[in-house]
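Numbering (the numbering used here), first residue to last: 504 to 754.
From the three backbone atoms N, C-alpha and C, an ideal C-beta is built for every residue, glycine too.
As the structure is a prediction and not an experimental result, all values here were calculated from the model.
To keep things clear, I will list the structure first and then write my remarks on it.
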């Protein structure tokens, strides 16, 4: 009858409306559940939870694993009394002078570029932030450096957070460095081993750290050159074990 047909149509409309409401509620819940966190505010517990969700392990290695490198002897950077941000230009110059990178490699100030993001759905988090100094071929990020971090101010969670951001914002393999540009140097990079991603950490002295940074960026520059068809290959040292199988994180 017409009455039954009218009721069936009404029920159908109500069911359709309810489906739309449920979808909207799920969308709103997901938006609310995503927590936007600056990497500078990450705790050890939180970064551990994030790494666990994406199946990434943490590994610490000794500086002796890099002993085959040709060390770069260079005086430490002398910090002035000015605010850290006001000395970034001098820090950039110091790294340029210390590393003596081949033509086409850049060191530049990124301390105001703090808008990088990485959404990690499995951990319901959006990481945000940036770093202070960048190094890379053709102004393509592959190394980020926090340039005024003492051992007392070293925050491992922040370094790992920056590594995840850099990994997401560059096609190249990432390396993050925490340093005071003097005697404290902590490096972090990603390595693939037995189909598992590991975030590798190593504390070392200035001369070794500068050598590792130079080796890393030249290797990545050669990779980038191959991708874009540039036949120029910059000479670097032999790739030794700690930097073999360096990787990016896909999940």
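Counting C-beta atoms within 10 angstroms of its own C-beta, residue 578 has fewer than 16 neighbours from the protein chains shown and is therefore classed as exposed. Straight-line spacing of the CA atoms in residue 682 and residue 658 works out to 11 Å. In the displayed model, residue 541 falls within a strand according to three-state DSSP. Between residue 615 and the set 572, 634, 685 and 516, the nearest pair of CA atoms involves 634. Taking 8 Å as the upper bound for CB-CB distance, residue 703 and residue 719 are not in contact here, some 12 Å apart. In this structure, residue 705 places its C-beta atom within 8 Å of the C-beta atom of residue 564. Per DSSP, residue 746 lies in no alpha helix (DSSP H) and is assigned neither H nor E. Taking C-alpha positions only, residue 700 is separated from residue 600 by approximately 34 Å. Nearest Cα to residue 709 within the set 653, 751 and 749: 653. It is roughly 15 Å from the alpha-carbon of residue 688 to the alpha-carbon of residue 602. Proximity of the segment 634 to 643 to the segment 550 to 564 falls short of the contact definition, fewer than three beta-carbon pairs being nearer than 8 Å.
The three-state reading of DSSP puts residue 576 in coil, since its state is none of H, G, I, E or B.
For the pair residue 670 and residue 619, the Cα-to-Cα distance works out to about 11 Å. Between residue 594 and residue 580, the C-beta gap is smaller than 8 Å, which places the two residues in contact. Taking residue 707 as the centre and dropping the five residues before and after it, the same chain places the C-beta of 566 and 688 closer than 6 Å to its C-beta, in chain order. For residue 548, the enclosing alpha helix (DSSP H) stretches over residues 547 to 556. Nearest C-alpha to residue 588 among 651, 721 and 553: 651.
In the three-state DSSP reduction, residue 621 falls in the strand class (E or B).
The DSSP-derived three-state label of residue 611 is strand. Collapsing the DSSP output to three states places residue 689 in a strand. The continuous alpha helix (DSSP H) containing residue 596 extends over residues 591 to 602. In the structure shown, residue 647 adopts extended strand secondary structure according to DSSP, grouped into three states.
Between the alpha carbons of residue 576 and residue 717 lies a distance of about 13 Å. Boundaries of the alpha helix (DSSP H) harbouring residue 724: 709 to 731, taken from the DSSP string. Put simply, of 745, 752 and 660 the residue whose alpha carbon is nearest the alpha carbon of residue 547 is 660.
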